[in-house]
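In our numbering, the protein residues as written are 188 to 375. Ideal Cβ positions, reconstructed from N, Cα and C, are used throughout, including at glycine. Just so you know, these numbers come straight off a predicted model, no measurement behind them. This report refers to the structure that appears directly beneath it.
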């Protein structure tokens, strides 16, 4: 493959070992759908950031990849707090990491994906500050309905808009294009 993508899954760590985190990987089907869409077109390397630190293994993966696609839940219009610590740590090592294309894929609890706009702007501003190229963002709305999409095939009506936006995202990443923020919702 000519392109290596770092798929960065941002999930908070459960409060206790037995607690169930409402924002688990299962609540973000867009991650799996995007990886399926990218199959055969590029190499995807998946890392999970669920703590306020970045592991050396994750740093090595990020360094090797030309683009990073950050999937995360929206918390009160912003990114999860622990990822801010990770972004600061990555910014401090920007010379070591080199310039990358950064793409944001937040999902929110509201139906309208436009509610993700402020969080996409946070990632965009950080990208520029850290010396990266912000390629754009796809805000996904749907909240709890997103978990029901896990059982659906690509293109099925309730998630067809989301699938189209993820395909658009992949095309732009592969061509290293920059696009404005776009949004998708669960089709009702």
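Let me check one thing: in DSSP terms, what residues is residue i bridge-paired to?
i: residue 266; result: Looking at the DSSP assignment, residue 266 forms no beta bridge with any residue, so it has no partner.
i: residue 293; result: 259
i: residue 371; result: 327
i: residue 192; result: 231 and 254
i: residue 320; result: 288
i: residue 218; result: Paired residue(s): none; residue 218 is not in a bridge.
For the alpha helix (DSSP H) that contains residue i, what are its first and last residues?
i: residue 246; result: 243-251
i: residue 311; result: 304-316
i: residue 286; result: Premise fails: residue 286 is in no alpha helix (DSSP H) and is neither H nor E.
i: residue 408; result: The structure shown does not extend to residue 408, since the chain is modelled only from 188 to 375, so the question has no answer here.
i: residue 333; result: 332-335
For residue i, count neighbouring Cβ atoms within 10 angstroms of its own Cβ and tell me buried if that reaches 16, exposed if not.
i: residue 315; result: exposed
i: residue 242; result: exposed
i: residue 214; result: In this prediction, residue 214 scores a pLDDT of 44, lower than 50, which makes its location untrustworthy; the coordinate-derived value is nonetheless stated afterwards. Label assigned to residue 214: buried.
i: residue 352; result: buried
i: residue 335; result: exposed
i: residue 263; result: exposed
i: residue 364; result: exposed
i: residue 344; result: exposed
i: residue 329; result: buried
i: residue 375; result: exposed
i: residue 322; result: buried
i: residue 276; result: exposed
With respect to the beta strand (DSSP E) encompassing residue i, which residues constitute its N-terminal and C-terminal limits?
i: residue 234; result: 230-236
Take every Cβ of the segment 295-308, pair it with every Cβ of the segment 235-243, and state whether three or more of those distances are shorter than 8 Å. no
Using 8 Å as the Cβ pair cut-off and three pairs as the minimum, do the segment 225-232 and the segment 283-297 touch? no
Between the segment 249-265 and the segment 275-284, do at least 3 Cβ pairs fall closer than 8 Å? yes
For the structure I just gave you, are there three or more beta carbon pairs, one from the segment 303-321 and one from the segment 331-340, closer than 8 Å? no
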